[in-house]
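These notes concern the structure reproduced below.
Residue numbers (my numbering): 25 to 125.
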């Protein structure tokens with residue numbers, strides 16, 4: 025994490041607020057270390073094979089299901105530091121309370 029401070033910041037401050045699942049696949053941290061932050065853990069090689077970032081477009085994607093099962097709908101975020109954690113309702117609530125958006 026020392027080499028990628030933005031990843032550390034997301035582990036510390038990031039929250040999906042229950043709206044979606046976050047799985048970290050760091051390749052150099054243990055499952056216990058990642059799950060102790062409240063996020064899911066994945067094997068980096070297995071996930072790169074399944075969710076190949078060179079084949080995904082930013083935003084919604086549908087990928088083949090596991091073992092011929094139902095296709096999986098995913099939302100690919102190439103750089104999660106760009107504001108994925110923000111959502112319109114938070115800003116609308118702030119405006120309604122007289123705060124700045």
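Quick reminder that beta carbons are idealized off the backbone N, C-alpha and C, glycines included.
Bear in mind the structure is a predicted one, so any value in this text is a computation, not a measurement.
field: Straight-line gap, residue 125 to residue 43 (C-alpha atoms, nearest Å)
entry: Residue confidence for residue 125 is low, a pLDDT of 48 falling below 50, so the modelled location carries little weight; the figure read from the coordinates is stated next. Spanning the two alpha carbons is a distance of roughly 21 Å.
message: Rounding to the nearest angstrom, what Cα-Cα distance links residue 91 and residue 74 in this structure?
response: 11 Å
message: With H, G and I counted as helix, E and B as strand and the rest as coil, what does DSSP make of residue 43?
response: Of the three classes helix, strand and coil, the one that applies to residue 43 here is coil, per DSSP.
message: Quick check on DSSP: helix, strand or coil for residue 51?
response: Note: residue 51 maps to coil in three-state DSSP.
field: Terminal residues of the alpha helix (DSSP H) in which residue 69 lies
entry: 68-74
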